[in-house]
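Worksheet: one structure, shown below.
Residue numbers (the numbering used here): 39 to 316.
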């Protein structure tokens with residue numbers, strides 16, 4: 039995979055006329071994103087269980103090679119805080135994520151800022167995460183009646199799955215937490231949150247996952263040239279060490295995210311995956 043740079047979501051009214059051409063129908067906004075960037079975070083899955091037809095429509099709306107990073111449900115991460123989540127995970131994986139097929143990228147599990155480390159809880163959660171589409175489909179069969187849509191339990195072609203954990207509390211720098219993440223090949227997200235939470239830079243998996251939420255004000259501040267130079271060097275160092283790297287810009291206010299993502303890509307042309315593909 040090499041290096042991929044993309045956006046945290048795409049449905050932002052503020053981008054219309056700034057990033058999206060004036061008059062572009064909303065239904066074509068994902069298509070526009072995919073014409074410029076090779077990946078995007080799918081955020082709707084965080085707020086509620088989606089339905090298979092939605093995933094099929096997203097899959098069919100992007101070209102070959104494009105990938106969606108799918109954000110894990112907040113019921114798992116924020117309400118249950120990773121505790122006793124076997125059935126909630128089954129519901130999540132049965133909701134249609136596997137319908138993305140070869141457009142399915144990594145799963146992102148974002149924790150709330152006040153969620154502190156509990157090693158037993160973390161270990162139990164990591165053990166539950168499926169490592170292949172076949173494992174995910176098997177787990178999906180354990181869904182309960184909270185899943186309102188028809189379940190999707192077809193694994194398609196068996197493919198590996200990758201996971202990334204985004205804690206926002208300093209306790210997750212604990213060496214035992216890092217050891218657990220490495221044992222399960224789960225990436226510890228490097229998350230720039232305008233100083234509100236720690237920026238973890240440890241690599242715990244083959245995948246390196248970066249989220250840039252804004253350098254000075256969450257979601258609304260832009261990255262200047264000096265900061266982008268620094269992030270480009272940081273990404274290149276991980277790439278040169280043999281890691282696949284994904285970077286997502288979440289400073290969506292004022293359409294900073296697509297502009298900054300393009301500017302970072304300009305600094306990484308020698309290592310970023312060529313896009314669009316010929």
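Just so you know, even glycine gets a beta-carbon here, dropped at the ideal spot from N, CA and C.
Inset, instruction - Please check the pair residue 250 and residue 192, which I expect to be a contact at CB under 8 Å, by giving their CB distance rounded to whole angstroms. - result: By 1-based counting over the chain shown, the position of residue 250 is 212. By 1-based counting over the chain shown, the position of residue 192 is 154. The beta carbons of residue 250 and residue 192 sit about 35 Å from each other, so the pair does not count as a contact at 8 Å.
Inset, instruction - Starting from residue 229, follow the beta strand (DSSP E) in both directions and report where the run begins and ends. - result: Translated into positions along the chain shown, residue 229 becomes position 191. Start and end: 228–230.
Legend entry - Reduced DSSP category for residue 261 - H, G, I as helix; E, B as strand; rest coil: Your numbering for residue 261 matches position 223 in the chain shown. Reduced to three states, the DSSP call for residue 261 is coil.
Legend entry - residue 184 burial status per 10 Å Cβ neighbour count (16 or more: buried): In the chain shown, residue 184 corresponds to position 146, counting from 1. Residue 184 is exposed by the Cβ-count criterion.
Legend entry - Cβ-based neighbour list, residue 88, same chain, cut-off 7 Å, excluding 5 preceding and 5 following: The residue given as residue 88 occupies position 50 in the chain shown. Counting only Cβ-Cβ distances below 7 Å, and skipping sequence neighbours, we find 82, 133 and 134.
Inset, instruction - Starting from the C-beta of residue 145, find all residues in its chain whose C-beta is less than 6 Å away, skip the five residues before and the five after it, and write them out in chain order. - result: Indexing the chain shown from 1 puts residue 145 at position 107. Listed in chain order, the non-local C-beta contacts of residue 145 below 6 Å within the same chain comprise 108, 110 and 201, local neighbours out to five positions each way being set aside.
Inset, instruction - Note down the Cα distance separating residue 259 from residue 179, rounded to an integer number of angstroms. - result: As a first step, residue 259 must be located in the chain shown, where it is residue number 221. As a first step, residue 179 must be located in the chain shown, where it is residue number 141. Straight-line spacing of the CA atoms in residue 259 and residue 179 works out to 43 Å.
Legend entry - Segment contact flag, the stretch 67–75 with the stretch 162–178, C-beta cutoff 8 Å, min 3 pairs: The stretch 67–75 is not in contact with the stretch 162–178.
Legend entry - residue 98, DSSP secondary structure in three states: The count along the chain shown starts at 1 and reaches residue 98 at position 60. Helix at residue 98.
Legend entry - Inter-residue spacing [alpha-carbon to alpha-carbon] between residue 57 and residue 49: Position 19 of the chain shown holds residue 57. Position 11 of the chain shown holds residue 49. The straight-line gap from Cα to Cα measures roughly 11 Å.
Legend entry - DSSP beta-bridge partners of residue 146: Translated into positions along the chain shown, residue 146 becomes position 108. Answer is 109 and 202, bridged to residue 146.
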